[in-house]
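Here is the structure we will look at, set down as structure tokens.
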């Protein structure tokens, strides 16, 4: 379990984190999305105990990570950039981890080794970015951690490996009850793997919600009328946007779509159905409701 309360971090006059609070229950996958410079990596470094916060606290499994550093032995960490010993091979790193970490699991390592096709004797300095990420995942998943923290874990991976990695994270939760915290900018990956999603921008959490609840809060209805959409329905306060293509209208609206569906049925529509929205579309409307342009944030 991860608990973060009112976390702040400043570097000189720059406020990098501003009152960040969030909670991840055991066995859940939390996805944190935000642009470069939003504070994701700084937050993770504080969670790992690499940086001290200016204010606030981070608890992992009930222990403050800065007061009880031994808790980090139960945490796996895959950084955006791997910085292992340049002259070490895969075999060297495996021997190092096997001899250093008491929770190293040989059976899990053998299982993962069949997935990651890494050259045993090539040195780390000659690895591509994708190979470095694979090695970090191989080593950290072999530790069977209670908590797994990942910063852009699929960066540099090809599509096939990306799917395998995401599948591993889901499997890790299902098999071992691991708590997973993933920072990324890839919304499609979050949608496939996460239970809970937070959006960080300029050091603040803009929203933090259960994924299924989030999907229920913005709905899209597709409807067609012989004589057009009744204007009073388009002006309802819960309607966020109306798109038209010929006789067909796409109505994006807040939660109470059942009430809207009932109203639409009264006008004898030619077509009436609810359309699933992608996570990216949901984010666009959520951000707009908070006064932000999603494209301005995510493209940074």
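In the working numbering, the protein residues as written are 0 to 299. Here a beta-carbon is modelled for each residue, glycine too, at the ideal position from N, C-alpha and C.
The segment 3-15 in contact with the segment 132-148 per 3-pair CB rule at 8 Å: In the pairwise beta carbon analysis, the segment 3-15 is classified as not touching the segment 132-148: fewer than three pairs are separated by under 8 Å.
Residue 176 versus residue 223 - alpha carbon distance: Between the alpha carbons of residue 176 and residue 223 lies a gap of roughly 47 Å.
N- and C-terminal bounds of the alpha helix (DSSP H) containing residue 110: Unbroken alpha helix (DSSP H) run through residue 110: 105-112.
Close beta carbons around residue 181, own chain, < 6 Å, minus the five adjacent residues each side: The residues are 30, 149.
Pair within 8 Å by beta-carbon distance, residue 198 and residue 33: Cβ distance < 8 Å, so residue 198 and residue 33 count as in contact.
Assigned exposure category for residue 282 - 16 Cβ within 10 Å defines buried: Around the Cβ of residue 282, a 10 Å sphere holds 16 or more other Cβ atoms; the residue is buried.
Minimum length 3: unbroken beta strand (DSSP E) runs contained in the segment 72-98: Runs of the beta strand (DSSP E) inside the segment 72-98: 74-77.
Distance CB(residue 178)-CB(residue 26) smaller than 8 Å: The beta carbons of residue 178 and residue 26 sit closer together than 8 Å.
Those runs of the alpha helix (DSSP H) which lie wholly inside the segment 218-275 and span at least 4 residues: The segment 218-275 contains these whole alpha helix (DSSP H) runs: 230-233, 256-264.
Opposing strand residues paired with residue 195 [DSSP bridges]: In the DSSP assignment, residue 195 is bridged to 29, 209.
Three CB pairs or more closer than 8 Å across the segment 218-238 and the segment 258-267: Using a C-beta cut-off of 8 Å, the segment 218-238 makes contact with the segment 258-267, since at least three inter-stretch Cβ pairs fall below that distance.
Backbone secondary structure at residue 298 - three-state DSSP: In this predicted model, residue 298 has a pLDDT of only 45, less than 50, meaning its place in the structure is not dependable enough to derive any value.
Separation of residue 188 from residue 98, as counted between CA atoms: In a straight line, the C-alpha of residue 98 is about 34 Å away from that of residue 188.
Residues of its chain near residue 253, where Cβ-Cβ distance is below 7 Å and the 5 sequence neighbours each way are ignored: Closer than 7 Å at the Cβ level, and outside the excluded window around residue 253, lie 216, 217, 237, 239.
Helix, strand or coil at residue 163 according to DSSP, with G and I counted as helix: DSSP places residue 163 in helix when its eight states are reduced to three.
Residue 138: first and last residue of the uninterrupted beta strand (DSSP E) it sits in: Under the DSSP assignment, residue 138 falls outside any beta strand (DSSP E), being part of the alpha helix (DSSP H) whose first and last residues are 128-140.
Alpha carbon of residue 0 to alpha carbon of residue 208, nearest angstrom: Residue 0 and residue 208: Cα-Cα distance of roughly 16 Å.
Through-space distance from residue 151 to residue 49, alpha-carbon basis: Each residue's Cα considered, the two are about 18 Å apart.
Straight-line Cα distance separating residue 195 from residue 23: Roughly 8 Å between the two C-alpha positions.
Beta-carbon contacts of residue 278 that lie in its chain and below 6 Å, excluding the five residues immediately before and after: The residues are 186, 190.
Of the listed residues 172, 162, 82, nearest to residue 124 (C-alpha basis): Nearest of 172, 162, 82 to residue 124, Cα basis: 82.
Cα-Cα separation between residue 120 and residue 133, rounded to whole angstroms: One C-alpha to the other measures close to 15 Å.
Cβ-Cβ separation, residue 247 to residue 270 (assumed contact under 8 Å), whole Å: Sure, about 7 Å apart at Cβ, within 8 Å.
Member of 19, 17, 57, 108 whose CA lies at the smallest distance from the CA of residue 167: Checking every option, the nearest Cα to that of residue 167 belongs to 108.
Where residue 19 sits in the DSSP three-state scheme: If DSSP states are grouped into helix, strand and coil, residue 19 belongs with the strands.
Distance, residue 137 Cα to residue 112 Cα: Rounded to whole angstroms, the separation of the alpha carbons of residue 137 and residue 112 is 7 Å.
Anticipated Cβ contact below 8 Å, residue 337 with residue 122, distance rounded: Since the first and last residues shown for the chain are 0 and 299, residue 337 lies out of range.
Cβ-Cβ distance between residue 18 and residue 203 below 8 Å: Yes.
Span separating the alpha-carbon of residue 172 from that of residue 256: When only Cα atoms are considered, residue 172 and residue 256 end up about 33 Å apart.
DSSP state of residue 100 mapped onto helix, strand, coil: DSSP, reduced to helix, strand and coil, places residue 100 outside both helices and strands of the structure shown, so it counts as coil.
Nearest to residue 251 (by Cα), restricted to the options 267, 275, 231, 268: For residue 251, the closest of 267, 275, 231, 268 by C-alpha to C-alpha distance is 275.
Neighbourhood of residue 273 by C-beta, 8 Å cutoff - its chain only, sequence neighbours within 5 removed: 218, 219, 220, 221, 256, 260.
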